[in-house]
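Going down the list, the protein sequences come from chains A and B. For the first sequence, this note's numbering puts the final residue at 339, and the numbers step up evenly by one. For the second sequence, this note's numbering puts the final residue at 1339, and the numbers step up evenly by one. In this text, a Cβ means the ideal position worked out from N, Cα and C, and glycines have one as well. Notes follow once the structure below has been shown.
Number of protein chains: 2
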Amino acid sequence: MATITIHDVAREAGVSIATVSKAVNGKGKMRPATRAHVHRVAERLGFRPNDLALSLHRRRSYTVGLLSNDIYGRFALPILGGVEAALAARRTSVFLCNAADDPETEGRHLASLLRKRVDGLVFTARRTDSFFPAERTTPPIPVVHVNLEPRLDGPALLADDRAGARLGTAHLAALERKRIAHVSGPQGFAAVRLRQAGFEDALQEAGLEGAGALFGEWSEGWGWEAVARLYQDVPPGKRPDAIFCGSDQIARGVVDALCHRGLAVPVDVAIVGFDNWEVLAAATRPPLTTVDPCLEALGVLAGETLMSMIDGAIEPSGARLVPCQLMVRASCGTPRATA
Amino acid sequence: MATITIHDVAREAGVSIATVSKAVNGKGKMRPATRAHVHRVAERLGFRPNDLALSLHRRRSYTVGLLSNDIYGRFALPILGGVEAALAARRTSVFLCNAADDPETEGRHLASLLRKRVDGLVFTARRTDSFFPAERTTPPIPVVHVNLEPRLDGPALLADDRAGARLGTAHLAALERKRIAHVSGPQGFAAVRLRQAGFEDALQEAGLEGAGALFGEWSEGWGWEAVARLYQDVPPGKRPDAIFCGSDQIARGVVDALCHRGLAVPVDVAIVGFDNWEVLAAATRPPLTTVDPCLEALGVLAGETLMSMIDGAIEPSGARLVPCQLMVRASCGTPRATA
DNA sequence: CTGAAAGCGCTTACAG
DNA sequence: CTGAAAGCGCTTACAG
Chain A
1 MATITIHDVA REAGVSIATV SKAVNGKGKM RPATRAHVHR VAERLGFRPN
51 DLALSLHRRR SYTVGLLSND IYGRFALPIL GGVEAALAAR RTSVFLCNAA
101 DDPETEGRHL ASLLRKRVDG LVFTARRTDS FFPAERTTPP IPVVHVNLEP
151 RLDGPALLAD DRAGARLGTA HLAALERKRI AHVSGPQGFA AVRLRQAGFE
201 DALQEAGLEG AGALFGEWSE GWGWEAVARL YQDVPPGKRP DAIFCGSDQI
251 ARGVVDALCH RGLAVPVDVA IVGFDNWEVL AAATRPPLTT VDPCLEALGV
301 LAGETLMSMI DGAIEPSGAR LVPCQLMVRA SCGTPRATA
Chain B
1001 MATITIHDVA REAGVSIATV SKAVNGKGKM RPATRAHVHR VAERLGFRPN
1051 DLALSLHRRR SYTVGLLSND IYGRFALPIL GGVEAALAAR RTSVFLCNAA
1101 DDPETEGRHL ASLLRKRVDG LVFTARRTDS FFPAERTTPP IPVVHVNLEP
1151 RLDGPALLAD DRAGARLGTA HLAALERKRI AHVSGPQGFA AVRLRQAGFE
1201 DALQEAGLEG AGALFGEWSE GWGWEAVARL YQDVPPGKRP DAIFCGSDQI
1251 ARGVVDALCH RGLAVPVDVA IVGFDNWEVL AAATRPPLTT VDPCLEALGV
1301 LAGETLMSMI DGAIEPSGAR LVPCQLMVRA SCGTPRATA
């Protein structure tokens, strides 16, 4: 049962392959009867045009490559979903490649994508400051980075961590919290440093002092531990009345620890997280108010940008920051006093 | 800057395209000097063979399609990762398609994959009992289902929910727990019914009665609520001393609620979850002992099975159950008495 | 209105 | 040892 080709249809319909091609694609002019007849035969035979041949001819594959060092990670995922949605809407398929932080795998994937003649490339990563060794030489096709600092020509869409952190912290200040602390992940991460900067921006704008900043891990355990450090041996008057957390995981650990110490959220301490990771944020007691980096929207934007570049548009290279949004739930309460 | 082809290399090297082809692919016999020379020219020109042409010739694309109604969901993901790993190891790329529960999108994707001449297909879904309308007609290429009941010819690899639940419940019985309850998700899910059956299998084998089974949602909130129902107005002697949960989310809600009521885990009540969803299970206090469906391994197995079918092996159609494993952490403690 | 021919970029017997 | 030719499955001017 060899797969059937345009020649089979032509023979069966008693016409030339050129006619079949035009009929099937609804192109050119021809007698309606001929067109209908060819259609019928093609249908009966189950003719399915070979896109490989088409692409070879067109020099365009309607396919793009997606390379990540952490495709299956929970943060790369919403991005990936957004990118895919944008591409699917433009009828183009995506080749998934997981580099897994191995330079050799990465190089192989990139070479393979280029040989498959993808129309464009998108790079994503677990961290914005990830490094892709394969990105030494600019590929001959459009490239866009998503939540990854660009090392190649082409635009890079990034969540605005700094502005997001400022937004979250300002929310706390607006609610009349006076002693706001910051608990975040490892300072080796660019995201941690940017969020810290945003935290300080907001403090300064509100004319507040800040009740300390602690850096540890991206985990609930660290949030729990940080609370101990923040409250142990600290006289009640000097304790934070709000904590801006660098991630929802940390925030959840913080909330649980606070509750464990008999402190009430948000009455005694207001909490803001970061990520809007639904499954954690919504399940926390009380549900977490948190900064949403809008990863999926970021992915959509990136996909659309890539498509327009493929269509010939010329997009400026370099980072492009996309705003975060504040997702308000219940961990901050309402203002203690109205100004 | 047109992309350079085999003809460019041939002209530049002063040989025929046939020679370039053989040289570049290390095939046939030829003077080492010629081969080296061609290699050098190809390298200098940055020649990158066009896989589209190659595939057209070979009638094999070294590409497979992956269709899911929930690619970016947290359960489809480990599976996807496993499949991709197995395929990458065989040098084949994967086309990602997200059907998003929309029959039309799904049909479009399937048609597109077939036209792209993928060598095989894998179907995955959010639920094992999902239905893909597009699966009415068997495609002319190998297909495998992963964690999805098969409606097409071809093997289906499924986590053995029933045996897994039995394993988890038996663990509780072996630890001398006598009044084991079950709290799970919506009974509309095949997985819920299978896990319930496994729960009962184990009870029967241990000669135990069972302390009730409650079905609700897949959420922490439901776990919390279920505890209220299980303990409210129930005389201490009739309360469960162990709970087998249908998911880690539920288990976490259960643990938190128990703690909130002043009950200690595992001393007063032992808990077993299902999923081994690391981020939840490890962060629970105490960390959750849970049934691991080994999704990634399932994906790997599926990928390998598909590849071997593509290579001509003939695999029996129908469901194939893959065992779950018990991940022991701290929520069950040690035996109260040694037999 | 329809078809013959050239071409997309490669590989593979088959000659020489 | 090397090259000319046919073929993979399609499309698109160009004739007729």
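(message) I'd like to confirm the pairing. Which residues does DSSP put opposite B:LEU1096 in its beta bridges?
(response) DSSP output for B:LEU1096 lists A:VAL94, B:LEU1066 as bridge partner(s).
(message) Just list the residues that DSSP pairs A:LEU121 with in beta bridges.
(response) DSSP lists A:GLY65, A:VAL143 as partners of A:LEU121.
(request) List the residues that DSSP assigns as beta-bridge partners of B:HIS1182. (result) Under DSSP, B:HIS1182 forms a beta bridge with B:ALA1213, B:PHE1244.
(request) Enumerate in chain order the residues of its own chain whose CB-to-CB distance from A:ALA190 is below 6 Å, with the five nearest sequence positions on each side excluded. (result) Excluding positions up to five away in sequence, the list reads THR128, ASP129.
(request) State yes or no: is the beta carbon of A:HIS7 nearer than 7 Å to at least one beta carbon in chain B? (result) Chain B contact via Cβ: absent.
(message) Beta carbons nearer than 9 Å to chain B: which residues of the region 97-119 of chain A have them?
(response) Cβ contacts with chain B: CYS97, ASN98, ALA100, THR105, ARG108, HIS109, ALA111, SER112, LEU113, LEU114, ARG115, LYS116, ARG117.
(message) If you measure between the beta carbons of B:ARG1126 and B:ALA1165, is that distance less than 7 Å?
(response) No, the pair does not count as a contact, with Cβ atoms beyond the cut-off.
(message) What would DSSP say about A:GLN232, mapped onto helix, strand or coil?
(response) Of the three classes helix, strand and coil, the one that applies to A:GLN232 here is coil, per DSSP.
(message) Taking its Cβ as the centre, do 16 or more other Cβ atoms sit within 10 Å of A:ARG261, making it buried, or is it exposed?
(response) Here A:ARG261 is exposed, its C-beta having fewer than 16 other C-beta atoms within 10 Å.
(request) Could you tell me if B:GLY987 is buried or exposed, where buried requires 16 or more neighbouring beta carbons within 10 angstroms of its beta carbon? (result) Shown here, chain B extends from 1001 to 1339; a query on residue 987 of chain B therefore has no answer.
(message) Under 8 Å: do the region 1083-1091 of chain B and the region 1033-1047 of chain B share three or more Cβ pairs, one atom per stretch?
(response) Contact between the region 1083-1091 of chain B and the region 1033-1047 of chain B is absent, because fewer than three Cβ pairs lie under 8 Å.
(request) Anything in chain A within Cβ reach of B:THR1003, meaning under 9 Å, just list it in chain order. (result) Near B:THR1003 (Cβ distances below 9 Å), the residues of chain A are ARG59, ARG117, PRO140.
(message) Could you check whether A:ASP248 and A:ASP275 sit closer than 7 Å to each other, using their CB atoms as the reference points?
(response) A contact, by the Cβ cut-off of 7 Å.
(message) Can you tell me whether A:GLN325 is helix, strand or coil according to DSSP?
(response) Looking at A:GLN325 - three-state DSSP - the assignment turns out to be strand.
(request) Please go through the same chain and pick out, in chain order, the residues whose beta-carbon is closer than 8 Å to the beta-carbon of A:ALA213, but skip the five residues on each side of it. (result) The answer, listed in chain order, is ALA181, HIS182, VAL183, SER184, GLN196, PHE199.
(request) Identify whether A:ALA319 lies in helix, strand or coil by the three-state DSSP scheme. (result) Three-state result, A:ALA319: strand.
(message) With distance defined between alpha-carbon atoms, name the residue in B:ALA1159, B:LEU1114, B:LYS1116, B:ARG1117 nearest to B:THR1124.
(response) Selected option, being the one with the closest Cα: B:ALA1159.
(request) Decide if B:ILE1071 is buried, meaning its Cβ has at least 16 other Cβ atoms within 10 Å, or exposed. (result) B:ILE1071 should be labelled buried.
(message) Counting C-beta neighbours from all protein chains within 10 Å, is the total for A:LYS238 16 or more, i.e. buried, or is it exposed?
(response) A:LYS238 should be labelled exposed.
(message) Among the candidates A:PRO236, A:LEU87, A:CYS97, whose CA atom is the shortest distance from the CA of B:GLY1081?
(response) Nearest in C-alpha terms to B:GLY1081, of all of A:PRO236, A:LEU87, A:CYS97, is A:CYS97.
(request) May I ask which residues mark the beginning and end of the beta strand (DSSP E) holding B:VAL1272? (result) 1270-1274 is the extent of the beta strand (DSSP E) around B:VAL1272.
(message) Pull the bridge partners of A:LEU157 from the DSSP assignment, please.
(response) A:VAL146, A:ARG320.
(message) Assuming B:THR1105 is part of the beta strand (DSSP E), what are its boundary residues?
(response) Element bounds for B:THR1105: not the beta strand (DSSP E) but the alpha helix (DSSP H), 1103-1115.
(request) State the DSSP-derived secondary structure class of A:ASP311, mapped to helix, strand or coil. (result) In the structure shown, the three-state DSSP call for A:ASP311 is coil.
(message) Among the candidates B:GLY1299, B:THR1334, B:CYS1324, whose CA atom is the shortest distance from the CA of B:ASP1161?
(response) Looking only at B:GLY1299, B:THR1334, B:CYS1324, the smallest Cα-Cα distance to B:ASP1161 is reached by B:CYS1324.
(request) Would you please verify whether the beta carbon of B:GLU1304 is less than 7 Å from any beta carbon of chain A? (result) Chain A contact via Cβ: absent.
(request) Would you give the residue range spanned by the beta strand (DSSP E) that B:THR1290 belongs to? (result) DSSP places B:THR1290 inside the beta strand (DSSP E), whose first and last residues are 1289-1292.
(request) Measuring only between beta-carbons, confirm whether B:LEU1167 sits less than 7 Å from chain A. (result) No, because no Cβ of chain A sits closer than 7 Å to the Cβ of B:LEU1167.
(request) Please list the residues of the region 28-58 of chain A that have a C-beta atom closer than 9 Å to any C-beta atom in chain B, keeping them in chain order. (result) For the region 28-58 of chain A, the residues whose beta carbon sits under 9 Å from a beta carbon of chain B are, in order, GLY46, ARG48, PRO49, ASN50, ASP51, LEU52, ALA53, LEU54, SER55, LEU56.
(request) Output, in chain order, the set of chain B residues within a Cβ distance shorter than 8 Å of A:LEU194. (result) Around A:LEU194, no beta-carbon contact reaches into chain B at under 8 Å, the shortest distance being about 23 Å.
(request) Anything in chain B within Cβ reach of A:VAL94, meaning under 9 Å, just list it in chain order. (result) Taking a Cβ-Cβ threshold of 9 Å, the residues of chain B close to A:VAL94 are PHE1095, LEU1096, CYS1097, in chain order.
(request) Please decide whether B:SER1156 counts as near chain A, where near means a Cβ-Cβ distance under 7 Å. (result) Here the sequence assigns Ala to residue 1156 of chain B, which means Ser is not the residue at that position. Not one beta carbon of chain A lies nearer than 7 Å to the beta carbon of B:ALA1156.
(request) Check the Cβ-Cβ distances between A:ALA339 and every residue of chain B, and say whether any is below 7 Å. (result) Note on A:ALA339: pLDDT 37, under 50, position unreliable in the model; the coordinate value appears next. Output row for A:ALA339: interface = no.
(request) Please confirm if the region 1289-1303 of chain B is in contact with the region 1135-1155 of chain B, defined as three or more CB-CB distances below 8 Å between the two stretches. (result) Contact annotation: the region 1289-1303 of chain B touches the region 1135-1155 of chain B, with at least three C-beta pairs closer than 8 Å.
(message) Closest to B:PRO1240 by C-alpha separation, out of B:ALA1251, B:ALA1202, B:VAL1227, B:HIS1057, would be which residue?
(response) If we check each option's Cα against that of B:PRO1240, B:VAL1227 comes out closest.
(request) Please determine if the region 1030-1041 of chain B and the region 1054-1061 of chain B are in contact, where contact requires at least 3 C-beta pairs separated by less than 8 Å. (result) Using a Cβ-Cβ distance cut-off of 8 Å, the region 1030-1041 of chain B and the region 1054-1061 of chain B are not in contact, since fewer than three pairs of beta carbons, one from each stretch, lie closer than that value.
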